[in-house]
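Residue numbers (this note's numbering), protein chains in the order written: chain W, 1 to 245; chain Y, 1 to 165.
Glycine included, C-beta positions come from ideal geometry on N, C-alpha and C.
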Amino acid sequence: MAEKHSPLDQFGINRLVEMHIGAVDVSFTNSAAMMVAVVVVATLFLTISMRGRAMVPGRWQSMAELCYGLVASTVRDNVGPDGRRYFPFIFTLFIFILFSNALGLIPYSFTITSHIIVTFAFAAVVFIGTTVIGFWRHKLKFLSLFVPPGVPIALAPLLVPIEIISYLSRPVSLSVRLAANMMAGHTMIKVFAGFVVLLGLAGVAPLVFIVAIYALEVIIAFLQAYVFAVLTCLYLADALHLHHE
Amino acid sequence: MPQMEFGDYLPQLVWLVITFAALYLLMSRVALPRIAEVLEGRAERIADDIERADQYRSEAEQTLKEYEILLGKAREEGHTVSVEARIKQQEQAKSQSEASENRLKEKMVEAEVRIQATRSEAMAGLKDIATEITRVSVQRLIGITPDERTIKVAVEEAAGKLKDV
């Protein structure tokens with residue numbers, strides 16, 4: 001029972017259906033169930049809301065259009081017109097993370113993005129993807145990304161390693177930022193929820209605090225999804241345009 | 001810490017790939033085209049409306065221009081007409097006043113002639129009366145009936161002297 005009261009317990013992976021393909025564990029876990037829920041809810045939200053195809057949008061259609069407009073303008077402003085072909089991927093990434101974060105805020109549910117392996121998978125795809133796009137587009141000239149423009153050649157031996165390290169740390173910062181944000185918020189809520197029970201009547205104070213933190217978490221859920229999308233756009237812009245712009 | 005359970009990584013990654021691929025397909029094939037279609041339709045509609053409004057405005061401007069031209073023309077015409085009317089009126093007034101002046105002059109001449117005639121008539125009558133009075137008064141005074149010619153001469157003389165005075 002003591003184990004159950006750990007604030008980290010909510011992040012536990014439970015195998016709902018044990019499955020193995022050869023030696024590979026492909027069990028359907030609570031995380032996988034939430035992933036399926038994300039896909040279903042996001043798809044329903046973005047299709048049913050647009051069912052009317054109204055010239056003057058209602059509330060739901062407005063929200064769907066806002067999502068589209070937000071990501072579209074982010075891609076347009078940060079990447080430019082040649083970012084259009086990557087728009088569906090960035091949109092999917094944004095929606096997947098947004099709904100993962102948001103659905104994770106429902107009590108007793110599970111936050112997919114609180115797991116570093118999931119966010120790292122996203123970050124790795126973005127990192128490898130942008131690197132491949134960069135080399136494919138600019139061949140070896142892509143390496144000039146590591147030489148900041150307008151800097152004396154004498155400083156290059158110092159700056160190039162720094163640039164390379166900062167480039168390689170992109171997937172780490174990208175994944176840790178999201179997972180740590182999700183994990184910290186949920187852990188804090190759980191810890192204060194424990195206080196509510198412990199303090200009895202005086203537990204009203206931590207309860208009020210939880211309400212405030214929860215509101216903050218709702219903002220963070222959206223903000224982190226947006227930050228992830230924006231950074232992906234910036235990395236993509238680097239790969240497409242090097243230092244120009 | 002459940003995040004560090006390496007044994008749980010693989011099932012998460014497998015399902016992440018599956019669900020993300022599914023979402024990508026659903027978004028890129030179904031949801032995004034639909035939203036894009038609606039947004040484009042709206043943008044087109046707005047552009048159309050703006051274009052139509054522009055057209056109406058230019059038409060209105062054209063009409064206004066035509067109206068102003070017509071108004072200017074009408075004003076000019078009105079001015080010309082009024083100027084012509086004034087000139088005509090002035091001419092008419094001039095000829096009328098000339099005519100009446102002439103008539104007055106004629107009448108004046110006529111009147112002068114008549115006055116002259118009346119006066120000479122009256123003068124003639126006066127001489128006759130003067131002659132008669134002279135004859136009668138001389139007869140009464142001195143009892144002699146004077147010669148008709150002598151009286152006339154005397155009257156003429158007196159009249160001539162009177163005229164001189």
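Asked                                                                                                                                                                         : Found
Check distances from the C-beta atoms of the stretch 29-49 of chain W to those of chain Y and list, in chain order, the residues that come in under 8 Å.                      : T29, S31, A32, M35, V36, V38, V39, A42, T43, L46, T47
Would you please verify whether the beta carbon of A22/Y is less than 8 Å from any beta carbon of chain W?                                                                    : yes
Over what stretch of residues does the alpha helix (DSSP H) that includes R15/W continue unbroken?                                                                            : Careful: R15/W lies outside any alpha helix (DSSP H), inside the beta strand (DSSP E) at 15-17.
By the 10 Å Cβ neighbour count, where 16 or more other Cβ atoms means buried, how is W15/Y classified, buried or exposed?                                                     : buried
Can you tell me the Cα-Cα spacing of M63/W and A102/W, whole angstroms?                                                                                                       : 15 Å
Do I116/W and A179/W have their beta-carbon atoms positioned less than 8 Å apart in this structure?                                                                           : yes
Mind listing the chain A neighbours of H115/W? Cutoff is C-beta to C-beta under 7 Å, in chain order.                                                                          : Within the model displayed, chain A is absent; protein chains W and Y are what it includes.
Just to confirm the assignment: which complete beta strand (DSSP E) runs, minimum length 3, are found wholly within the stretch 14-50 of chain W?                             : 15-17
Thinking just about the alpha-carbon of each residue, which of Q224/W, P148/W, I164/W is nearest to the one in M183/W?                                                        : Q224/W
For I133/W, does the three-state DSSP call read helix, strand or coil?                                                                                                        : helix
Just verifying my parser: in three-state terms, what is the DSSP assignment at V79/W?                                                                                         : coil
Taking only heavy atoms of the ligand PLP into account, decide whether any of them is closer than 7 Å to the Cβ of L216/W.                                                    : This structure simply doesn't include the ligand PLP, nor any ligand for that matter.
Taking all protein chains shown into account, do 16 or more other C-beta atoms lie within 10 angstroms of the C-beta of A93/Y, making it buried, or fewer, making it exposed? : exposed
Closest to L46/W by CA distance: which of A36/Y, I46/Y, A47/Y is it?                                                                                                          : A36/Y
State yes or no: is the C-beta of I90/W within less than 8 Å of the C-beta of V75/W?                                                                                          : yes
Determine the contact status of I210/W and F192/W, defining contact as a CB-CB distance below 8 Å.                                                                            : yes
Within the continuous alpha helix (DSSP H) that includes S100/Y, where are the two ends?                                                                                      : 32-142
If you follow the alpha helix (DSSP H) that D238/W is in, where does it begin and where does it stop?                                                                         : 204-241
So, for M1/W: in the same chain, excluding its five sequence neighbours on each side, which residues have a beta-carbon less than 7 Å away from its beta-carbon?              : Residue placement at M1/W cannot be trusted, given a pLDDT of 36 that sits under 50; what the coordinates show is reported in the next sentence. For M1/W, where only same-chain residues beyond five positions count, there are no Cβ hits under 7 Å.
Straight-line CA distance for E163/W to V147/W?                                                                                                                               : 7 Å
Quick check: what's the CA-CA separation for E112/Y versus L104/Y?                                                                                                            : 12 Å
Please compile the residues from chain Y whose C-beta is within a distance smaller than 8 Å of the C-beta of V24/W.                                                           : L10, V14
Just the C-alpha distance for E3/W and D77/W, rounded to the nearest angstrom, thanks.                                                                                        : Interpretation of E3/W is limited by its pLDDT of 45, a score under 50 that renders its predicted location unreliable; no figure is taken from the coordinates.
Output needed for E65/W: all residues of its chain with C-beta closer than 7 Å, excluding positions within five of it in sequence on either side, in chain order.             : P57
Say whether chain Y places a C-beta atom closer than 8 Å to the C-beta of L98/W.                                                                                              : no
Are S27/W and R15/W closer than 8 Å when you measure CB to CB?                                                                                                                : yes
Would G83/W be called buried (16 or more neighbouring beta carbons within 10 Å of its own) or exposed?                                                                        : buried
Taking the beta carbon of E217/W as the centre, do at least 16 other beta carbons fall within 10 Å, making it buried, or is it exposed?                                       : buried
Does V218/W come within less than 8 Å of chain Y when only Cβ atoms are used?                                                                                                 : no
Taking the CB atoms as reference points, tell me whether P157/W and F127/W lie closer together than 8 Å.                                                                      : no
If you follow the alpha helix (DSSP H) that H12/W is in, where does it begin and where does it stop?                                                                          : First, the amino acid is wrong: residue 12/W is Gly here, not His. No alpha helix (DSSP H) holds G12/W; DSSP gives it neither H nor E.
If I'm right that T187/W touches L70/W with Cβ under 8 Å, what's the distance once you round it to whole angstroms?                                                           : Contact flag wrong, Cβ pair sits at about 29 Å.
Any C-beta of chain W within less than 7 Å: which residues of the stretch 75-96 of chain Y qualify?                                                                           : none
If the criterion is Cβ atoms closer than 8 Å, does the pair T92/W and S100/W meet it?                                                                                         : no
Under 8 Å, Cβ to Cβ, is there at least one residue of chain Y near V126/W?                                                                                                    : no
So is S97/Y buried or exposed if we call it buried at 16+ other beta carbons inside 10 Å?                                                                                     : exposed
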